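Take 1 as the starting number for the sequence shown in the UniProt record's numbering and just add one per residue.
Inspection log for the structure reproduced underneath, given as structure tokens.
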Amino acid sequence: MSKTPSSPQRAPGKGEPSRLARIGQAVIEAGPLILFLAVERFAGVRLAIAAAIFAVVLGFLYRRWMGIANTRLGLLAAGLTVVFGAIDLLSDTPFMLQYEGVISNFVVGIVFFWSTRGKTPLIEELAVRHGGISTEDRPDLHRFFDYLSLTWAVYFLVKAALYFWISLRMPLEDALQWRAIWGTLSLAAMALATGVLSRPAFRALRRRGLLEAPKRSAKSSDTDSGAPDRKEPRS
């Protein structure tokens, strides 16, 4: 009977990024939003949209050049930015800005939720890629990352509802400012809570027996670790 570690473990010496690499990655991820807010204040909305699209494309090319694989979440965010930005640039007035935050957060929330029905939830992908976490032969970790991904799905769906309410109540300029403030603070709070509370939450869920291996689709069940071997029927 194998011994199950009491908390998520990092893969020793493999895939664990340095602090400088994490800071650089965070800057690249937040670059389009930072550039949009800075340019919008001094040069208007259209140039801000173009700058954000440029930052997305530049970040994609940088990852390709450095050999850094793009995550599903990163590709989704980049795609939404480019699509909505292109629509606004080609329109007489940037009308999509009013509801871009609503649609993008709703889509991201649905993607987080849907990822828990597949082989690898989004939070697990991010933890393995950027945090050096090893999930090999750890069905309890797979289940824990399902819970975390569902938590983030709820966060994005609630934020989409709030953005929709703001878009109905405020003019575009005020709505963008409130969305920037609320979005930045809430995202930072969620990221901090995820980092600080993950280990105690993992232990608490494991003590209550809530981290049993989930039943996944037949396509992915063959690769799930910890599943008991089926006995062949006797002839």
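For each residue, glycine too, the CB sits at the ideal point set by N, CA and C.
Bear in mind the structure is a predicted one, so any value in this text is a computation, not a measurement.
Beta carbon of residue i nearer than 7 angstroms to that of residue j
i	j	result
L122	L73	yes
G80	I49	The question names Gly, yet the displayed sequence has Leu at residue 80. Taking 7 angstroms as the Cβ cut-off, L80 and I49 do not qualify as a contacting pair.
P85	A51	In the sequence on display, residue 85 carries Gly and not Pro. Not closer than 7 angstroms, so no.
A175	S167	yes
V56	V82	yes
A211	F144	For the record, residue 211 in the displayed sequence is Leu; it is not Ala. Result yes, Cβ atoms of L211 and F144 sit closer than 7 angstroms.
M96	I87	yes
A153	F202	no
L172	Q98	yes
Whole-number beta carbon distance between residue j and residue i, since they are thought to touch under 8 angstroms
i	j	result
W182	L162	7 angstroms
L205	Y155	That pair is no contact at about 18 angstroms.
H142	E124	7 angstroms
F60	A78	6 angstroms
Range of the contiguous alpha helix (DSSP H) that encloses residue i
i	result
E173	L172 to R207
S91	Counting along the chain, S91 falls outside any alpha helix (DSSP H), and DSSP gives it neither H nor E.
E100	L97 to S115
P139	P139 to R169
From the options, residue whose alpha carbon lies closest to that of residue i
i	options	result
V102	A204, K159 and L185	K159
G67	P171, R129 and I110	R129
A191	F60, T116, A127 and R117	A127
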